[in-house]
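Chains as they are written, first to last, in full-length UniProt numbering: chain D, 1 to 406; chain X, 1 to 290; chain P, 1 to 238; chain G, 1 to 677.
Note that CB positions come from ideal geometry on N, CA and C, so glycine has one too.
Accompanying notes for the structure given below.
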Amino acid sequence: MSARRLAKVGALLLTASVATACGSGSSESSSSRDAADSAVIGVIGPKTGPAPQFWTETNRAIQLFAPKIEKQYGVHLTFTYADDAGTPAGASRAVQTVLNEDNVDAVMGPPQSAQALQVADVVGRAQRPWLLHSASNATLVPTAGDTNWAFRTAYNSDDLSDVSGQVLFAPIDGKDPVVGIIYSADAFGQAALETFKTYGEQHGVQVVGESMQTGATDFNSGISRLKAAGVDSLFINMTSGADIATVTESMAVDDFDPVRKYATANVLADYRGLASPSEWKGLYFIDPENFNGSAYKAILSAYKSRFGGVPDLYTTVFNTYAMLDAYAQAVKTAGSGDDYSAVRDALENLPAVHVEDQSYEKPFGPGDGELDEPDAADWYVMGFDDTPQGNIVTLGTVQHCIDKGC
Amino acid sequence: MMDVVVTGLVTGGLYALIAQGFVLTYITTNTLNFAIGEFMVVGAFLAMFLHGNVGLTGLLAIAVAVLVTGLLGGLTYRVLVLPFSTEGKHDTRWLLTTVGLSFVIVNLTTNAEGANRQPLGFGNVDSIVTVLGERVTGQQLLLAVVAVVVTVLLVVVISRTRLGGDMRAVSEDAETTALMGISPRRIGALSYVVAMMLVGLGGILWAAQTGVSPGLGPPLLIAAFSAGIIGGLTSLWGPLLGGAVYGLVTAAVGTALGSLWGEVSGLLVVIAVLIVRPEGLLGRRVEIKV
Amino acid sequence: MTLQARGLEAGYGRAAILSSIDLTLEPGGIVAVIGSNGAGKSTLARTLAGLLRLKQGEIEADGVLVQDHSAERRARSGLILVPEGRRLFGRQTVAENIRIGGRAASRRSPERARQNVEMLLDSFPVLRERWNQKAGLLSGGEQQMVALTRAVASEPRYLLLDEPSLGLSPRLTQEVFRLVTLIARETGAGILLIEQMAEQALQIADFAYVLEQGRITAEGPSSEVGSSEAVRTAYLGK
Amino acid sequence: MKPTNSPRTTAQRWTGRRPGRRHAGLRIGALQRDLLFLVAAAVVAALAILPGRTGEGTSIATMQLVGQMAAMIVAAIGLNLVAGLTRLVSLGQGAFYALGAYAFSYLLLDVGLPALPAMLVTVLGCAGVGAVVALGSLRLRGPEFTMITLALAVLVQQILLRWPELGAASGYPNPLQHGTGLLDPVSVLGFEFDPPLTGGVVATAMVPIAVITVVALVLYRNLCRSAWGRSLRAVGESDMLAAHLGVNVFWRKTAALALSSALGAVGGIFYVLIYAHVQPESFDLFLSISILLAVLLGGGGTVLGPVIGSAVIVWLQQSQVLDGVTSFEQEHLSSSWYLSTPGLLGVLLILVLFLMPQGITGTLAKLWSHRAGQTTSVETEPGIAGGGDERRVVRLLEQPDQMRDGAQALLLTDVTKRFGGLVAVDALDLSVDYGSVHAIIGPNGAGKSTVANLVTGVYRPGSGSVAFEGTELSTRRPHDIARLGVARTFQTPQLFSSETVLENVKAGFADTASLPWWKASLKPPGQYRREAELDRDARALLARVGLAHDERTLAGALAYGKARALEIARALARQPRLLILDEPAAGLNSTEVAVLGELLMELRRDGMALVVVEHHMDLVASVADVVTCMAEGRVLARGTAAEVLADQEVVAAYLGRPAEDGGETLTDPRPAGGGQA
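Here it is as structure tokens:
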């Protein structure tokens, strides 16, 4: 075959493929946008990729609560979905698809920091509400500032570090502790370390950080380093409960049992199945919500009866609910989803957001896109009981634990 | 110091067991199964299914799962390796087909079972054991012991039995072995079966401690691959030495510089070995005839 | 009960190295295939043994068409090739080499094979001395002895010998040929002696084929072939 | 082969004539083709980025797709140099892509270099890293090379994930360290190139991406189709063969890997231009595998295969076209056990290897040549392959002084070569004069081919001297010896079986070893002339060996005799002064042997020194001036053909006369180790 012919075939194929690519969108929605009080939300998440549970829980929460919220506020919400494949390029592509081809009124997600980071500027410039329903890094994915369009119903890393820091940096037996932090080797984890380090410098407390690769076979060397550094106040800030199990296993092996052991609600995913009661003895976790509270109870029972079993990511389900409630109210106030700035203003001025029987008064404001406030009195410390299934027990608020010990 | 040595050696046992899966097939067929990590996953999921859904007892579930994983290995050899390794030693198509297979298995299990780690539900030696004054988990020690026992067994079988003689003959000159009435393809398939049985066993015992997930494979693939290369893919003792070296280096560097640099240092050792002594520490140098 | 090849065509890639080969081998007889370098002798041996697929033709052993059988299957049915250059398992001992040769006989008559091996070892006691040495360390003549003994351990019905004299001194060649005669007599196998050393081969063979440029150019009782011009032409030109 | 009847005078007339305007038509033909390619590539590139001209939001995803295709294309054509042409299967191209992306970003932001120098430093730096990797790994072949590149790919990603200055897992740049998550638009001479990220902003970055891609494609195509590309194919076929064509295999591989790495880095630069941000998880092993898959799918070793493969792979990965397959599976097979895009790509990888081992273009080309192969008539330029012309090439263009008839070309003195305990060549003396044919005969295993290998540098003699025109060869390497003017053919012809006959001959010319890569890719006007000369000379050589009508045939499809003739033509292309033929008559029929004999006689008349290792006595008798008969590594007899063939010892050695007493026996047991081969 001559090169000329090859060139022709190549050109044809290239053109054909480009042409087809242009034609194929990912639109799974084709709603009529004419109705008043209606809005289209583009949901971005890792349908494929290493952490599809974020995608699953978001979708389930939408299936579960969107109809109820639509009815409650009399708005019509349409959802269109785009897969970010767990990569930044995928997120960039997904956000373009929802913004430009599906022409959504608001973007929800991506839930993971690395992907959110890639699209932050893009969504900001598009000037449409950005609904963050998953914990992310406050610096990498900010919700404040004049051009702010982002709203977050999950805690951000700064707030988490702030509140957890209040417990972890508190003196032990009248002396400053040595604080250790084990974090996932990702953007969220790295930011947590930075915050802790700054905090430590401000308070003259030694901070030792060790990062761990997701899926690592053991964490023995990290534990021996923490142990050698004399850490007695430990924070495990990992994205996967299975990895936390690897950590506590290695802690057991190395006989490392610091006075304080705290984690985040991520410990609820998989951890209890993989660790044993002896390993979670004395391991507490911090969250803005009380998982034994009535709002959570209602959400979990609805989830259970619909999908059988509890969610992997409690917080994603809860925060998606909160986000839908906030956005639906704002659309109602603005009259339509496609008046982006009206919706934004409405979000900033919401009187309250409700999740079941729980409400957050004046959650957002100009320059404040955070639902949760880093107030130790509002956050809860929880742990597991000694039963093999490890029921969640609430020990009290963080402030309570700081004051009286938990 | 002692703790680094003990942890390094004990974790090296797991790598060695999986690396044995590389060595066995390389000796007889000059090919490797790059979906080896996914065969661990398959073994573990099978065991979980057989125990949890079918209701087999732990040992029986392990035995059946190991056997089925082995048979799947044999099938892989027949369908994806043998037809893609016909053009001599420089033919590397089998490498790509097995990589393709690993994509398929990861994707299939992720779609069906989700990416989360699920507890296997049995088979975990849930205790801490003291070795030379250092604490290790019972499961890791079990894996290390299994690796040593398996290696010794393999060495005995291959040096003492008729089948072992056939295998050695195939590894030396497959064509001439065929002239002795022995099918090199059958020996190759058999070594794939045995190799993937070992890998399946390793996967199950490992998953018993850490849980089953489609993502179980890659971290161990890299470690086992490294152990195999360092020790030498043509020596049955290679995995033990390679696993020990890799385990020690990653543990020592991890303790000194932080655990994340451990794996990097292990990979650097692999590259150094490939450059300086491509046949591995215990491997046999293959002479090239002109 | 014969080994017959009819209309064989074989070669590598697209090129045919052998064409329209017909030959017959009967148990107990020695048939020589002689020809110069490059005439296609090894290709013939490999094709008959099943290491090379034939493009055309048939191979029949004891009434069974075997051209589609794998090399190992042919070996197990008693069609044994001692390849050019002997191809011993150099990292294994003499004993192991001979033992592995017995694998092809294990389903037919292992006992008889064992007796025949003993017989050969009695005639060439030097191998017993080398019994536990690595085969790769033996001298060329000794290696050829091992290769032949290994073949006998396979209890051949048809034994294909591809240039057993290769790399051996004339003196050793003679010894190897004596051994070949002995094997033919004692085992009753039909021996196809593929050789470049025409005169020595013809001395022990009953019948001979001359292979030239991938074709059989002459055939007949070995005494006739040996005295014919065909041989001198094939080797030394006109 | 066709004997030539052309009178000598024609040849001489031709020798004096330099190619002039006569070849203008040919030159423009080649130029036209290249221009056409350039135009076609430019048009496709322009069309591809056209949807983004207004900066409309809806075009952004398309522009990203096109940009990723471009990035994959440059990375894949780079990989093709290594994995396709040189046949070193690398799983490390993703590592260079990542290095390129990170290095470029870092140089822009942290170092503050302007865009062009940053690009230049990145590309050169990655080429350097590639060369270093090559130096460490080129001893390895086959799976071992793949493994080291695999380790490299994993290593690079692991390091990027951890390196604090590069943002580690937060990516680069990140607001934490740099106050922004996106790089500023790249600016060159005050012109800013915006990435396809924001609606309403025209993605001007697509312009440099398109331009660089087209330039890279043109240079790469020139390179592939040049003598340099041929040298890589030769290395891919066998290191030994390439060395005998005068190619310094080691450095050529190093250069190929360096170029490949540089192109990988360009892919990474494109990524930065598109996304303005890099993250370690974008450059995982899957990327390396995808690039390799693109090469294989399109057709490794072909010029355009990787381009098509890349476009298809990126399209499959990024558009949701495979989702249809997934939903089909979910509906009709199983709702939980189904394959989605990554798994389907795994299946595709396997299927490609199974069904289309030569990839899309390879398969198409095969179909094409199948259909057209029989009917293709040879396009002969007037006066090129005419009857008389062939002699011009066979006759050496200039005859160096030392090549006068009768002068000594080759001298072996007391050469011994052992392999383990076996003495393959034992104290051999041999001399070959210009204008003569020296035949070496002897039974199998006599050491004949070893002599050929000793002269061409494949083996080093244990002792003794091998001298060509007084230059000692025993310490030189094969490519060095080839460059001195020694050519050879092999016992089994070693050809590029998937290339045409014409390409095979062209690989024989000295350009294969000497043309620098930059000249090959830039293709200055002189190269067009040179290529035309090569075409013409190659055709003449083909005509000379009787293959004039086979120039378009794939070498793998040739009958044995023709394959041998082709190998001789290739060996002659370099115009060697000493030609070593290893069993040239094997597999030839008697007519072919006769023609071969005539060819050898003509070469001899031209003053060439020939060594013919042969067993075909007719040929030996008719061409050899001196015949050496070897047995067991020693000279048994030497003289004219008649003398040697009449020698009783020779006859005995050949026919295998029963031996006299003496020497080793096996019936008398002797102490171990006393035996000798």
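Assigned secondary structure, residue i (DSSP; H/G/I helix, E/B strand, else coil)
| i | result |
| --- | --- |
| G/Gln-158 | helix |
| X/Ile-182 | coil |
| X/Lys-89 | coil |
| G/Thr-58 | helix |
| G/Thr-450 | helix |
| X/Asn-33 | coil |
| D/Leu-131 | strand |
| D/Gly-335 | coil |
Minimum Cβ-Cβ distance from residue i to chain P less than 8 Å
| i | result |
| --- | --- |
| G/Ala-452 | no |
| G/Gly-445 | yes |
| residue 293 of chain X | Residue 293 of chain X falls outside the range modelled here, since chain X spans only 1 to 290, and no answer is possible. |
| X/Glu-279 | no |
Per-residue contacts from residue i into chain X (C-beta, under 8 Å)
| i | result |
| --- | --- |
| P/Leu-166 | Neighbours of P/Leu-166 on chain X: none; closest Cβ ~15 Å, over 8 Å. |
is_contact[residue i, chain X] using C-beta, thresh 8 Å
| i | result |
| --- | --- |
| P/Gln-143 | no |
| P/Pro-221 | no |
| P/Pro-156 | no |
Distance CB(residue i)-CB(residue j) smaller than 8 Å
| i | j | result |
| --- | --- | --- |
| D/Ala-91 | D/Gln-115 | yes |
| D/Asp-105 | D/Ala-39 | yes |
| X/Pro-239 | X/Gly-228 | yes |
| G/Asp-279 | G/Gly-171 | A quick correction: the sequence has Gln, not Asp, at residue 279 of chain G. In contact: G/Gln-279 and G/Gly-171 (Cβ atoms closer than 8 Å). |
| P/Ala-113 | P/Val-152 | yes |
| P/Ser-165 | P/Met-197 | yes |
| G/Gly-447 | G/Val-425 | yes |
| D/Ala-82 | D/Pro-46 | no |
| X/Thr-210 | D/Leu-274 | yes |
| P/Arg-6 | P/Asp-22 | yes |
Chain X contact residues for residue i, given Cβ-Cβ distances below 7 Å
| i | result |
| --- | --- |
| D/Leu-224 | Residue identity check: residue 224 of chain D is Ser in the sequence provided, not Leu. Ordered by position in chain X, the residues that pass the 7 Å Cβ test against D/Ser-224 are Asp-3, Thr-255. |
| P/Phe-89 | Ala-169, Glu-172, Asp-173 |
Same chain, Cβ closer than 7 Å to residue i, five either side skipped, listed in chain order
| i | result |
| --- | --- |
| X/Arg-277 | none |
Short CB-CB distance (under 8 Å) between residue i and chain G
| i | result |
| --- | --- |
| D/Gln-118 | yes |
| P/Tyr-235 | yes |
| D/Gln-63 | no |
| P/Asn-116 | no |
| X/Leu-75 | no |
| X/Ile-271 | yes |
Proximal residues of chain P, C-beta to C-beta of residue i below 8 Å
| i | result |
| --- | --- |
| G/Gly-656 | Ser-165, Pro-170, Thr-173, Glu-195, Gln-196, Met-197, Ala-198, Glu-199, Gln-200, Ala-201 |
is_contact[residue i, chain D] using C-beta, thresh 8 Å
| i | result |
| --- | --- |
| G/Gln-318 | yes |
Partner residues on chain G for residue i, Cβ-Cβ distance less than 9 Å
| i | result |
| --- | --- |
| D/Pro-88 | Gly-171, Tyr-275, His-277, Val-278, Gln-279, Glu-281, Ser-282 |
Beta-carbon contacts of residue i that lie in its chain and below 8 Å, excluding the five residues immediately before and after
| i | result |
| --- | --- |
| P/Ser-36 | Gln-196, Glu-212, Ala-234, Tyr-235 |
Chain-order list of residues whose beta-carbon lies under 6 Å from that of residue i (same chain, five-residue window excluded)
| i | result |
| --- | --- |
| G/Ala-538 | Leu-502, Val-505, Lys-506 |
Residue i: CB within 7 Å of a non-hydrogen atom of the ligand COA
| i | result |
| --- | --- |
| G/Ala-168 | Only the bare structure without any ligand can be found here, which leaves the ligand COA out of the picture. |
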